[in-house]
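The structure appears right after this line, and notes come after that.
Residue numbers (full-length UniProt numbering): 1 to 277.
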């Protein structure tokens, strides 16, 4: 099975390489409602997911479904405009295939973003949260099964998934630009239903600050490959039981749109500093 997964990956790499020889330094994954950030990239090439044989295609509103290769400042970036989620029915190996592909294309840093529900009472829709750690107990681990030795070790260390030096760059960038940046632990559940109030109470007791339906499985796969990882979550609503309003995907997109200017500034200026580091 591991051989077949790696073979599928290499075919995807070959398909991308047949269209562009661009070698990125940073891989950026854009979460729900944050796809417009791609407009800030000096584009060298674009490849739609559907044009890569065997590649999973995004089915969620707000996820365009294409790779964008180009520059943010002087930094060479591959941007994933729209991600694939486990709840869409894909095998977990397909969910993390895009992140693995970007690593094989040359990216050394993975910048993950997402839209999430905030659990802290000090959170408000539109807040940005630096991901300092994650809890992965509630979503499938993408490393289950035969190890793909070409990618990484059987038992990868998870002591510092979100690298302290990258976190410092993001925090310093936020401070320099007057951007309020919360910090906390992110937890991924499978979705697609939003969490129940009882589930949110459980997660709060476990120390979770924000909850969503992505990111953690990608971070695990990238960490397995040796990529340096950082992440910022856009708090797009208060989690179930913390607000009088029912949760909806439209609410998530609306909050992400409001946060877009600050998000754009934070991501852009941070990525420029990654290149200097």
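Ideal placement from N, C-alpha and C gives every residue a C-beta, glycine not left out.
Residue i, DSSP secondary structure in three states
| i | result |
| --- | --- |
| residue 124 | coil |
| residue 38 | helix |
| residue 162 | strand |
| residue 263 | helix |
| residue 23 | coil |
| residue 30 | strand |
| residue 257 | helix |
| residue 135 | strand |
| residue 45 | strand |
| residue 174 | helix |
| residue 270 | helix |
| residue 111 | strand |
Best match in the options for proximity to residue i [C-alpha to C-alpha]
| i | options | result |
| --- | --- | --- |
| residue 260 | 238, 27, 232, 200 | 232 |
| residue 221 | 209, 273, 136, 176 | 136 |
| residue 97 | 29, 124, 72, 159 | 29 |
| residue 305 | 179, 228, 234, 150 | Residue 305 is absent from the structure shown; the chain starts at 1 and stops at 277. |
| residue 170 | 112, 46, 45, 69 | 112 |
| residue 150 | 208, 104, 198 | 104 |
| residue 118 | 58, 208, 87 | 208 |
| residue 267 | 72, 3, 49 | 72 |
| residue 70 | 23, 200, 205, 12 | 23 |
| residue 81 | 95, 44, 36 | 36 |
| residue 114 | 140, 173, 85 | 85 |
| residue 52 | 77, 38, 79, 15 | 15 |
| residue 187 | 237, 109, 194, 133 | 133 |
| residue 200 | 108, 263, 237 | 237 |
| residue 88 | 175, 191, 179 | 191 |
| residue 123 | 235, 4, 262 | 235 |
Straight-line Cα distance separating residue j from residue i
| i | j | result |
| --- | --- | --- |
| residue 130 | residue 20 | 32 Å |
| residue 65 | residue 9 | 18 Å |
| residue 145 | residue 155 | 12 Å |
| residue 166 | residue 184 | 15 Å |
| residue 269 | residue 128 | 15 Å |
| residue 265 | residue 272 | 11 Å |
| residue 107 | residue 77 | 8 Å |
| residue 216 | residue 257 | 23 Å |
| residue 195 | residue 18 | 42 Å |
| residue 56 | residue 147 | 21 Å |
Endpoints, beta strand (DSSP E) assigned at residue i
| i | result |
| --- | --- |
| residue 70 | 66-72 |
| residue 186 | 181-188 |
| residue 284 | Missing from the structure shown is residue 284; the chain here goes from 1 to 277 and no further. |
Span of the alpha helix (DSSP H) around residue i
| i | result |
| --- | --- |
| residue 106 | Note, residue 106: premise wrong, no alpha helix (DSSP H); not H, not E. |
| residue 12 | 2-17 |
| residue 51 | Note, residue 51: premise wrong, no alpha helix (DSSP H); not H, not E. |
| residue 95 | 92-95 |
Short CB-CB distance (under 7 Å) between residue i and chain C
| i | result |
| --- | --- |
| residue 237 | Structure shown: chain C not included; a single protein chain is present. |
Residue ranges of each beta strand (DSSP E) within the stretch 200-243, 3 or longer: 210-212, 228-238
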